[in-house]
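Notes to accompany the following structure.
In the UniProt record's numbering, the protein residues as written are 1 to 79.
Put into structure tokens, the structure is as follows:
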């Protein structure tokens, strides 16, 4: 509703139309409120670890500890 009123007023100002009371809309500046959309919380990532013959076990434990915030015992259990 507010946006519709702002839009109608803006059009009258741009075209110098007269309002309901007969007075002309003559303004130098228009202040329009900023419309912000509500931010949504990002979805969590789903991480898959693939078992291969090239990646050393120490590196996998390092990644689990530093990036996924696992402790050493839990990282070894996942490994």
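Built from N, CA and C at the ideal position, the CB exists for glycine as well.
- Boundaries for residue 32: no alpha helix (DSSP H) harbours it, and the DSSP string shows neither H nor E there.
- Within a 10 Å sphere around the beta-carbon of residue 44 sit fewer than 16 other beta-carbons, which makes this residue exposed.
- Bounds of the alpha helix (DSSP H) holding residue 65 are 57-66.
- Inclusion of residue 63 and residue 79 in the CB contact set at 7 Å is not warranted, their separation being larger than that value.
- The C-alpha of residue 41 lies about 27 Å from the C-alpha of residue 74.
- The residues 61, in chain order, have a CB closer than 7 Å to that of residue 76 in the same chain once the five nearest residues on each side in sequence are set aside.
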